[in-house]
Structures are given as structure tokens and as C-alpha cells.
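Here the working numbering is used: the first residue of the sequence shown is 3, the next is one more, and so on. Cβ atoms here follow ideal geometry from the backbone N, Cα and C, with glycine treated the same way. What follows is one structure encoded as C-alpha cells, with my remarks underneath.
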Amino acid sequence: MTSSASPTVRRRRLAVELRRLRGGRTGTTVAKALGWSPAKVSRYELGQGTFPLEEIEKLLEYYGVTEPRRAQLLDLAAEANERAWWDDYADALSPQYMEFIGLEAEAVSELEWQVEAVPGLLQTEEYARAIHTAHQRVVLMPPGIFERRIRARMIRQELLTTRNPPLVLSVVIDEAVLLRKVGSREVMARQLRHLAEMTQLPNVELRILPLEGESSLMAESFVVFGFSPEHETSRLGDVVSTESVENYFSIEGETDTYTFRLFFLAFTAAALSPDDSRELILETTRRLWESDVAV
3 MTSSASPTVR RRRLAVELRR LRGGRTGTTV AKALGWSPAK VSRYELGQGT FPLEEIEKLL
63 EYYGVTEPRR AQLLDLAAEA NERAWWDDYA DALSPQYMEF IGLEAEAVSE LEWQVEAVPG
123 LLQTEEYARA IHTAHQRVVL MPPGIFERRI RARMIRQELL TTRNPPLVLS VVIDEAVLLR
183 KVGSREVMAR QLRHLAEMTQ LPNVELRILP LEGESSLMAE SFVVFGFSPE HETSRLGDVV
243 STESVENYFS IEGETDTYTF RLFFLAFTAA ALSPDDSREL ILETTRRLWE SDVAV
């Protein structure tokens with residue numbers, strides 16, 4: 003994984019531009035002028051499905067878009083139609099989770115507040131497997147699907163180390179995550195050691211919110227994806243999402259996403275420093291998970 007380009011984000015960028023270009027016209031007006039159905043115009047403006055280049059050309063011509071902007075938007079449409087690595091896992095991943103992966107793949111930064119488990123980007127394979135095994139007891143899935151879900155999670159983690167440029171990850175984890183046994187004690191010991199190691203990456207900042215801290219602020223786990231402008235004509239704002247077992251939400255819009263950024267800043271202010279967080283992770287590992295355990 004060397005590129006940060008994502009067809010998922012390209013679709014969203016193009017959809018934003020098509021909505022903006024329509025301006026004060028109604029979707030029905032545009033559809034009638036082009037001999038299309040209003041649903042077709044809506045589908046393009048929502049970034050759903052593919053973008054046939056000849057039809058995007060018709061839209062741009064109708065909107066009076068000229069060079070070089072026209073070429074930029076057509077390039078965006080072509081990139082939006084490309085396949086991504088997660089498309090090969092469509093049989094094992096839900097559409098919502100694939101959307102999450104696609105957003106993450108091109109995000110410049112990721113802010114994550116996690117109260118339930120170690121963030122997916124920082125999980126060991128054993129820890130991820132233990133979570134999926136527990137889920138398997140409730141919702142059965144074929145062994146092949148199980149393994150492909152684990153594999154997809156491991157591929158995601160390359161964003162931190164082999165993507166160019168790497169994802170900048172800032173995480174605040176509730177201390178309860180360090181105390182909650184997932185799998186065996188050996189699994190927990192290795193997972194927490196891995197967490198401590200990941201804090202050494204220059205693009206990863208990890209903080210622990212202590213249980214005995216002074217903050218009473220509470221919120222469900224969430225992720226804020228930040229994006230850079232690809233071109234001045236294809237800016238994409240923050241997107242708030244969540245990585246969950248089955249349920250995902252996605253929020254856009256400056257007011258709503260800014261609120262989540264404020265929550266994250268509040269959790270960061272109440273959490274331990276990165277150095278103190280790393281020490282708490284290692285101390286918890288020794289105290290709870292490593293006694294009489296060979297790692």
C-alpha cells in the first residue's frame with residue numbers, strides 16, 4: 003500500500019462538486035434538460051454507484067464547465083470508478099464497513115475516541131481474532147468469511163507504516179479497554195505491548211483517559227476523518243464515523259463534525275500525556291496480564 007487515493011473518497015469529492023455546480027437549479031430541471039430521470043441526477047450527486055465518463059461529460063457541458071476544471075473533474079470521475087483492494091473482500095464485509103475503510107484509506111488524519119476496544123488500526127491479529135471469535139458465537143459465519151475479515155483488518159493497518167504519506171493517527175482510549183480481557187491473558191499481554199510499541203511511531207499519538215480522572219464527559223466511540231483538498235474544486239470536509247461490529251453511522255457537515263472535534267479535544271485534555279499513557283499501558287500489562295505468562 004503506497005498510495006492514499008481512494009475511489010470511495012473520489013466519489014464523495016465528485017458528488018460534492020456536482021451538487022455545487024447544480025446551484026439553484028432543481029434536480030428535475032437538470033434531468034429534463036439531459037433526458038434523464040431525476041433519480042439518476044440524485045444518484046450522481048450522492049456518489050452512489052459508478053460515474054460513466056460520457057454522462058459526466060454531458061453534465062459538465064450542461065453546467066458550462068471549461069478547462070482546466072473540466073479535465074480535473076473527469077479525472078476525478080475516472081478515479082472514482084477504479085477498484086480498491088477492499089472490493090476484493092466484498093463477500094466478507096458489509097457495505098457500511100467498506101465505506102468506512104474507503105474513507106480511512108484517503109484520510110490525512112484520524113482522531114479516534116475508543117471506549118470499547120483497542121482501535122482496529124492498533125490491534126494485534128490475535129486480539130482481532132478473539133473479538134471476531136466472540137462475535138461468531140452470536141452471529142455465525144463461514145470460516146472463510148471469518149478469515150477474510152481478519153485479513154482485511156490487518157491490511158488496513160498498513161496505512162500507518164507503508165502508505166505514502168502515512169495516516170496521522172491520534173487516539174484517546176478509555177482505561178477500561180486496558181482492563182477488559184479479550185481472549186486470553188497472553189493475548190492481552192501481547193496486545194498491550196503492541197500498543198506501547200505503536201506509540202513510538204512519529205505519526206501515532208496515543209493517550210489513555212484514566213478511570214480515576216476528573217472528567218465526567220461521556221460519549222460513544224467515534225472516529226473523525228480529516229481530508230486535504232485534492233484540488234481547489236474538490237474539497238471534502240471532515241467525516242465522522244464509527245468502527246463497530248454491525249452498526250455504523252456517518253456524519254458530514256461542518257457544524258456536526260466540529261462538535262465531535264470538540265469532544266475529542268476535551269477527551270485529550272482530560273487524558274494522560276503520551277509518555278504517561280505509555281507507562282500506564284506497560285504497568286497494566288505487568289500487573290494484570292504478564293504475571294506467570296510467557297510473552
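When the options are compared against residue i, the one with the closest alpha-carbon
i	options	result
D176	E108, Q116, L75	Q116
G136	A191, R263, K183	For clarity, residue 136 is Ala in the given sequence; the question names Gly instead. Among A191, R263, K183, the Cα nearest to that of A136 is on K183.
T31	Y91, I58, Y64	Y64
L282	E256, L211, S223	L211
E216	F224, E199, A273, K34	A273
V242	M100, E56, E106	E106
R153	V206, D93, T201	D93
T257	F269, D240, Y250, T270	D240
D278	I253, T261, T201	T201
L23	L62, P54, G51	L62
R151	F262, S96, S275	S96
L76	D89, E59, S44, T52	E59
S223	S252, R139, L284	S252
D270	Q159, L219, G228	Reading the sequence as shown, one finds Thr at residue 270 and not Asp. Checked all of Q159, L219, G228; the closest Cα to T270 is L219.
T259	L113, L124, E118, Y250	L113
S275	L264, G26, E207	E207
E149	R72, R165, Y91, T261	Y91
A80	A7, I133, R27, T164	A7
E47	E108, L181, R14	R14
A119	E108, E127, E128, I133	I133
E188	T164, T244, Y129	Y129
L290	W88, S186, I147, T126	S186
L203	P167, R158, T126, T163	T163
P2	F53, G255, E108, L78	Examination of residue 2 is not possible in this model, given that the chain is present from 3 through 297 alone.
G37	G26, V18, E57	E57
R195	Q125, G255, M100, F53	Q125
Cβ-based burial, residue i [other Cβ within 10 Å; buried from 16]
i	result
P9	buried
G49	buried
R209	buried
V121	Strictly speaking, residue 121 in this sequence is Pro, with Val absent from that position. The residue in question, P121, is buried, as its Cβ has 16 or more Cβ neighbours within 10 Å.
E234	Any reading at E234 must be qualified, since the residue scores a pLDDT of 48, below 50, and its modelled position is unreliable; no value is offered.
G66	exposed
V226	buried
M190	buried
G104	buried
R12	buried
T287	buried
R192	buried
V43	buried
E292	buried
R131	buried
R139	exposed
L85	One point to set straight first is that residue 85 is Arg, not Leu, in the sequence displayed. Exposed.
L180	buried
L264	exposed
R155	buried
T28	exposed
T244	buried
L20	buried
N- and C-terminal bounds of the alpha helix (DSSP H) containing residue i
i	result
E101	97-108
E199	187-200
S279	276-286
R209	R209 -> not in any alpha helix (DSSP H); beta strand (DSSP E) instead, spanning 206-211.
R269	This sequence places Phe at residue 269; Arg is not what is there. Start and end: 256-272.
Assumed close pair residue i, residue j - CB separation to whole angstroms, cut-off 8 angstroms
i	j	result
F266	V174	7 angstroms
R280	A198	5 angstroms
L16	A82	6 angstroms
L238	N205	Going by Cβ atoms, the distance from L238 to N205 rounds to 21 angstroms, so no, they are not a contact pair.
V141	G228	Not a contact, Cβ separation roughly 32 angstroms.
S165	L123	In the sequence under discussion, the amino acid at residue 165 is Arg, which differs from the Ser named in the question. Not quite, the Cβ-Cβ distance comes to about 11 angstroms (not below 8 angstroms), so this is no contact.
For residue i, the first and last residue of its enclosing beta strand (DSSP E)
i	result
L113	111-116
F224	224-228
L219	Counting along the chain, L219 falls outside any beta strand (DSSP E), and DSSP gives it neither H nor E.
S8	That residue, S8, is in no beta strand (DSSP E); it is neither H nor E in DSSP.
S243	241-243
Residue i at chain C interface by Cβ criterion, 8 angstroms
i	result
P54	Of the protein chains in the structure, only one exists, and it is not chain C.
For this session: Counting only runs of 3+ residues fully inside the segment 11-92, write out the beta strand (DSSP E) ranges in chain order.
Result: You should have found no qualifying run.
Problem set entry | Whole beta strand (DSSP E) elements within the segment 118-200, 3-residue minimum | Entirely contained in the segment 118-200, the beta strand (DSSP E) runs reaching 3 residues are, in chain order, 170-176.
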